[in-house]
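First comes the structure, then the notes that go with it.
In the working numbering, the protein residues as written are 60 to 275.
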């Protein structure tokens, strides 16, 4: 009994395989931004202030659109790119809100020359922040929290920029879902035809005769 796999039965996948969005570093950063922003608005903004909803919604949009874009990637590259762009735009909006908060209250936005800037940047990039950020922000004042979030937002926006470049490059090289579906169908039919030719000698003889019309 022949146990060899039938070539036409091999699975042809046109759906790209993606890891879970929760494993993405940029999603993890966006989740921290949302959590810290929610705490910040509850502690330092007045209840009923429109800025509260604006900041929380922008933070949520950044997080959710990263997740939804990653999930949409299996069926639509265009949707993946669109939602990732929305996530980036939402975080840019949130960045403006934090910068406005510091400016109108005469609080300092830390530049690279600030004595605490480098330590803050290193903390924001470390693995440690994911373990203790919830407790850490409760020991900070509003200026410190705002600067931490600004640092995290810059990191997230940089990662989203790199992610978008990767998506665009993949789209140019591999095309969208319809192109991959068509290509997979063509490959499947070619495999079936090759198998039929190999299993039926008459087909091969007919093809040989058709390819050589002068043969007597």
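For glycine and all other residues, C-beta sits at the position ideal for the given N, C-alpha and C.
Here residue 125 is not near residue 226, since their CB atoms are 8 Å or more apart.
The three-state secondary structure of residue 143, taken from DSSP, is helix. Between the segment 108-116 and the segment 152-162, the count of C-beta pairs closer than 8 Å reaches three or more; the two stretches touch. Here the alpha carbons of residue 133 and residue 165 stand approximately 47 Å from one another. In terms of Cβ geometry, residue 204 and residue 196 form a close pair [threshold 8 Å].
Using a Cβ distance threshold of 8 Å, residue 156 and residue 183 do not count as a contacting pair. By the Cβ-count criterion, residue 172 is exposed, with fewer than 16 other Cβ atoms from all chains shown falling within 10 Å of its own Cβ. Counting only the Cα atoms, residue 131 lies some 12 Å from residue 79.
Here the alpha carbons of residue 209 and residue 102 stand approximately 17 Å from one another. In this structure, residue 83 keeps its C-beta atom at 8 Å or more from the C-beta atom of residue 144. It is roughly 24 Å from the alpha-carbon of residue 146 to the alpha-carbon of residue 169.
Within the same chain, 168, 205 come within 6 Å of residue 161 by CB-CB distance, once the 5 residues on both sides are set aside. Counting along the chain, the unbroken alpha helix (DSSP H) around residue 130 starts and ends at 109-131. Assigned with DSSP and collapsed to three states, residue 178 falls in helix. Here the alpha carbons of residue 127 and residue 142 stand approximately 7 Å from one another. Between the alpha carbons of residue 119 and residue 93 lies a distance of about 6 Å.
In the DSSP assignment, residue 100 falls within the alpha helix (DSSP H) that extends over 84-103. Within the model, the alpha-carbon separation for residue 253 versus residue 221 is close to 42 Å.
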